[in-house]
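Below you'll find the structure, written out as structure tokens, and then a few comments.
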Amino acid sequence: MNRIHGRKSYIALPILFSVLTALILYFTVWPTVAPYYSLFSILLTSEEQEEYNGVNLMEQISAGENLANRESISVSEISLPREGDQYGNLTIEGTSVDAPVFYGDGEKQLNQGVGTYAFGYLPGQGGTILMGAHTNTWFSDLGSAKIGSIIKLETNYGVYEYKIVDAQVKDHQDRTAYDFSRTDENIILYTCYPFGTIGFTTQRYFVYGEYVSGPVWVYE
Amino acid sequence: MGHKQLSKEKAHYRVMVVLSFLLTFFSFLLIIAGVVQATLLNASYFKSVAKSSGYLEECQQALQETFTSHATAANVEPQVFESFLTQDYIAKIVNTNIDYIYGNGDVMDYTQINADMNQAIIASIEARGIEVTEDIETGIQMLVDTCCADYQNNTNLPFLEFVIRGLEIAQKPMMYILAVLTIAVLFLLVFMWMISRKLEKFLPFLFDCSVALAILSIVFPALALAQKIFERVAISPERVRVLLVGYVNGILMRFFPVGIAMLIFAGVLMFIQIRKTKMQNKNA
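Chains A and B, in that order, are what the protein sequence lines are.
Heads up, the working numbering is the position in the first sequence plus 58, with the first residue counted as 1.
Heads up, the working numbering is the position in the second sequence plus 6, with the first residue counted as 1.
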């Protein structure tokens, strides 16, 4: 072997070359790539580590537990639903509406039951709860709901009742149909209108209910 | 050997070290540029990743869920969408989108799909014995338009167009510059060898370059793969995560053959060097 290029050089020089190349590339390329990487991270990443398929929180209620008689509930006691979870069941007096209630109102939830608008409120939270379902399945009989009838919402943390005070047909883009600035608990149920229609429609049937009973959230 | 001769040899050695490092650096950049050309800037590669990574299945699943919901909302039989949700059908849309991104075709035209879907839905309604009124026609058209928008939303590739177009602009001049620089350094090395006229003084540096390139081409992608880039990073929606994982892993895997080739090349150089030394010793 070469006298100057000794045996050690055959190991040291390739390692030195590769480390130097890697370092130069890192320090020259990274400042250019970093802003794009951050942008991608913000726009593409979510808190969810894996795709979440939702659970049925109603199954977690023990058989003897009486949720109906409570007047208030500490937030720390509540298993808050994540998007996709079934956290309740909805029935309306005088109608055949009897549907599972999910948190979130994406296609997946609407295929399975009644969806809760996630940027609205939850029962007991003290605000406007907005729930929707398809007119040809879970809410096909929503039109039979009479003013004064009771909407019963059983959740994994309590049973809530709301009295129907109004029902209206409005355009799907009419923002006066709901008011999330209200500070009193109320519920809005909606579905496509006319009932049994074929194809998409621009009208929605809204049913408005005022709070009657159910445990109010207490923040401690 | 005189003192002057030794200093000259040392200076020669140092110049060779610097030159071989430059050769390593530019060659590696050239390898990166080559991999980018063969992967990121190659529409066929993208299509194959879309197929092999499970991206098409994810798109299909998302569309299936959406169309089922639409069918329920519109009082239409979900089966009517079956022929519009096959993997071949979705692959056709995805491939058209990819071709558009790479500038190989026009933007996806949904006119034909729109017409076909409309016709299929109306036929299924009529088969149920329902008369298709003007109101129903309007409702069906709204449904079909929504479905076409869903195709677009569920098969689009966010930001990719921006990345590809940017890379395409930079890639060609970069390739030329790197090729010129690499050849220039290689020429200087050969020039240095021609001065000394001793192959055994030239080969070790080429060997160092080859091993360094092999390390860079094998170790770094291997480290990146071991950490499973993107698999630990939560990316949403799922179809984008699946595609990115397959894409990045595929690109990194492209470095391995280069690394293996460099190792073989280094082995050949070592063999020649050893034979040369042996022959010299024999002659001595």
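We put the beta carbon where it would ideally sit given N, CA and C, even for glycine.
Determine, for residue i, whether the minimum Cβ-Cβ distance to residues of chain A falls below 8 Å.
i, result
"residue 254 (chain B)", "no"
"residue 17 (chain B)", "no"
"residue 214 (chain B)", "yes"
"residue 227 (chain B)", "no"
"residue 140 (chain B)", "no"
"residue 179 (chain B)", "no"
"residue 287 (chain B)", "no"
"residue 186 (chain B)", "no"
"residue 268 (chain B)", "no"
"residue 23 (chain B)", "yes"
"residue 373 (chain B)", "For residue 373 (chain B) there is no data in the structure shown, the boundaries of chain B being 7 and 290."
"residue 13 (chain B)", "no"
"residue 52 (chain B)", "no"
"residue 263 (chain B)", "no"
"residue 275 (chain B)", "no"
"residue 271 (chain B)", "no"
"residue 88 (chain B)", "no"
"residue 145 (chain B)", "yes"
"residue 198 (chain B)", "no"
"residue 62 (chain B)", "no"
"residue 113 (chain B)", "no"
"residue 195 (chain B)", "no"
"residue 148 (chain B)", "yes"
Should residue i be flagged as near chain B, meaning a C-beta pair shorter than 8 Å?
i, result
"residue 100 (chain A)", "no"
"residue 254 (chain A)", "yes"
"residue 257 (chain A)", "yes"
"residue 93 (chain A)", "no"
"residue 177 (chain A)", "no"
"residue 78 (chain A)", "yes"
"residue 82 (chain A)", "yes"
"residue 166 (chain A)", "yes"
"residue 89 (chain A)", "no"
"residue 158 (chain A)", "no"
"residue 115 (chain A)", "no"
"residue 111 (chain A)", "no"
"residue 149 (chain A)", "no"
"residue 195 (chain A)", "yes"
"residue 59 (chain A)", "With a pLDDT of 41 at residue 59 (chain A), under the threshold of 50, the predicted position of this residue should be treated as unreliable, though the coordinate-derived value follows. Yes, contact with chain B."
"residue 25 (chain A)", "Within the shown structure, residues of chain A are numbered from 59 to 278, placing residue 25 (chain A) beyond reach of any answer."
Residue i lies in the alpha helix (DSSP H); which residues open and close that run?
i, result
"residue 264 (chain A)", "Counting along the chain, residue 264 (chain A) falls outside any alpha helix (DSSP H), though it belongs to the beta strand (DSSP E) covering 261-271."
"residue 308 (chain B)", "Because chain B in this structure spans residues 7 to 290, residue 308 (chain B) falls outside the shown range and cannot be described."
"residue 66 (chain B)", "61-80"
"residue 275 (chain B)", "261-289"
"residue 150 (chain B)", "140-161"
"residue 123 (chain B)", "117-133"
"residue 167 (chain A)", "165-170"
Could you tell me which residues DSSP puts in a beta bridge with residue i?
i, result
"residue 51 (chain A)", "With chain A running from 59 to 278 in the structure shown, residue 51 (chain A) is simply not present."
"residue 157 (chain A)", "A:148"
"residue 114 (chain A)", "A:144"
"residue 162 (chain A)", "A:174"
Just to confirm the assignment, what range does the beta strand (DSSP E) spanning residue i have?
i, result
"residue 58 (chain B)", "No beta strand (DSSP E) contains residue 58 (chain B), which is instead part of the alpha helix (DSSP H) from 49-58."
"residue 130 (chain A)", "130-132"
"residue 276 (chain A)", "274-276"
Applying a beta-carbon distance threshold of less than 8 Å, which residues of chain D neighbour residue i?
i, result
"residue 192 (chain A)", "Among the chains of the structure shown, chain D does not appear; the protein chains present are A and B."
Just to confirm the assignment: which complete alpha helix (DSSP H) runs, minimum length 4, are found wholly within the stretch 194-250 of chain B? 205-232
Please list the segments of the beta strand (DSSP E) lying wholly inside the stretch 172-260 of chain A, counting only runs of 3 or more residues, in order along the chain. 172-174, 186-190, 208-213, 216-229, 244-251
Is the stretch 38-54 of chain B in contact with the stretch 76-93 of chain B, if contact means three or more CB pairs nearer than 8 Å? no
Is there contact between the stretch 220-230 of chain A and the stretch 157-174 of chain A, where contact requires at least three CB pairs shorter than 8 Å? no
Quick check: the stretch 16-31 of chain B against the stretch 171-180 of chain B, are there 3 or more CB pairs under 8 Å? no
Would you check if the stretch 67-82 of chain A and the stretch 211-227 of chain B touch, i.e. whether three or more CB-CB distances between them fall below 8 Å? yes
Segment contact flag, the stretch 31-49 of chain B with the stretch 98-117 of chain B, C-beta cutoff 8 Å, min 3 pairs: yes
Decide if the stretch 223-230 of chain B is in contact with the stretch 173-185 of chain B; the criterion is three or more beta carbon pairs, one per stretch, under 8 Å apart. no
Three CB pairs or more closer than 8 Å across the stretch 176-187 of chain A and the stretch 241-255 of chain A: yes
Within the chosen definition, does the stretch 243-262 of chain A reach the stretch 127-144 of chain B through at least 3 CB pairs nearer than 8 Å? yes
Should the stretch 145-153 of chain A be called in touch with the stretch 193-210 of chain A, which here means at least 3 C-beta pairs below 8 Å? yes
Could you check whether the stretch 30-37 of chain B touches the stretch 244-258 of chain B, counting it as contact only if at least three pairs of C-beta atoms, one from each stretch, sit closer than 8 Å? no
Take every Cβ of the stretch 143-163 of chain B, pair it with every Cβ of the stretch 265-277 of chain A, and state whether three or more of those distances are shorter than 8 Å. no
Three CB pairs or more closer than 8 Å across the stretch 67-78 of chain B and the stretch 188-201 of chain B: no
Does the structure place the stretch 112-122 of chain B close enough to the stretch 213-221 of chain A that three or more beta carbon pairs sit under 8 Å? no
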